[in-house]
Amino acid sequence: MSNPLSLVVLISGNGSNLQSIIDSIEQGRVNAEIKAVISSNAQAYGLLRASKHGIASYVVNHRDFGSREAFDDELQRILKPLDADFILLAGFMRILGSAAIQAFADKILNIHPSLLPAYKGLNTYQRALDSGEVEHGVSIHLVTAELDDGPVIMQARYPIAPGDNNEDLQQKGHKLEHRMYPQLLCWLCEGKIEISAGQIFYEKTVLSKPVEFA
Ligand code: GRF
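The numbering of the sequence shown is the working numbering, which starts it at 26 and goes up by one.
Structure, rendered in structure tokens:
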């Protein structure tokens with residue numbers, strides 16, 4: 026068996042995606058190790074999840090830093106020695122600066138609650154409802170300097186039923202999200218998905234459209 030993937034997970038809140046990754050590792054479905062959790066919010070429930078599972082955690086609150094660069098420097102100072110194979114953004118509510126993104130090129134992934142490139146940014150459920158969409162979804166993408174803009178690796182879609190509200194979409198989305206990072210991590214372990222020089226390879230071929238996750 027190949028070496029476990031080493032991971033750092035960045036969160037700001039509940040951390041249900043973090044929990045799904047922890048569970049997939051503890052249940053032996055994913056061969057990985059979470060070296061640390063970094064939260065931008067000291068009150069994040071995800072920090073309790075990390076400590077319950079004996080995972081080291083750090084809080085880096087942007088309010089403690091005079092500039093975006095200083096916040097970014099602190100993140101890099103923590104991330105560098107951890108030397109993770111992948112840095113997973115899972116509800117991390119800060120934008121990483123381009124220096125950090127360059128320092129960890131091909132290693133930073135994000136899960137976003139929309140079918141990118143549609144609905145970048147915040148409040149994606151409400152915006153999709155307000156626009157009368159009949160489906161919505163989740164994307165995992167490589168992080169680049171532009172917000173929610175890097176190549177999309179994997180997407181899952183679900184229907185919006187008449188009468189669905191914000192919470193309904195969130196529930197549908199989360200149900201899929203909690204299977205997506207674990208599945209992607211399996212594929213990264215197996216080498217089925219590889220990331221190099223900003224490109225995604227699926228079974229050694231450049232991915233031309235996101236893998237549909239069902
Ligand atoms: C998820 O919906 C994710 O797509 C978005 O933030 C949310 C985080 O949820 N980026 P949780 O903290 O993992 O529960």
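Ideal Cβ placement from N, Cα and C applies to all residues, glycine included.
- Taking C-alpha positions only, K145 is separated from D189 by approximately 21 Å.
- Excluding residues up to 5 positions away in sequence, I185 lie with their Cβ nearer than 7 Å to the Cβ of E158 in the same chain.
- Within the same chain, P29, L30, L32, I50, L210 come within 6 Å of A57 by CB-CB distance, once the 5 residues on both sides are set aside.
- Between the C-alpha atoms of Q68 and G38 there is a straight-line separation of about 8 Å.
- Excluding five sequence positions before and after A239, the CB atoms of its chain that fall closer than 8 Å to its own CB belong to A181, given in chain order.
- Between Y227 and P187, the alpha-carbon positions lie close to 36 Å from each other.
- Cβ-Cβ distances below 7 Å link V177 to L141, S164, H166, P235 in the same chain, with the five nearest sequence neighbours on each side left out; the list follows chain order.
- By a beta-carbon distance limit of 8 Å, F111 contacts L213. Their separation comes to about 7 Å.
- One Cα belongs to L107, the other to R54, and the distance between them is close to 23 Å.
- Inter-residue distance for A170 and A128 is about 12 Å (C-alpha atoms, whole angstroms).
- Shown here for E219: same chain residues with a beta carbon closer than 7 Å to its own, the five before and five after excluded, namely F226 in chain order.
- About 29 Å separates the Cβ atoms of R93 and Q44, ruling out a contact at the 8 Å cut-off.
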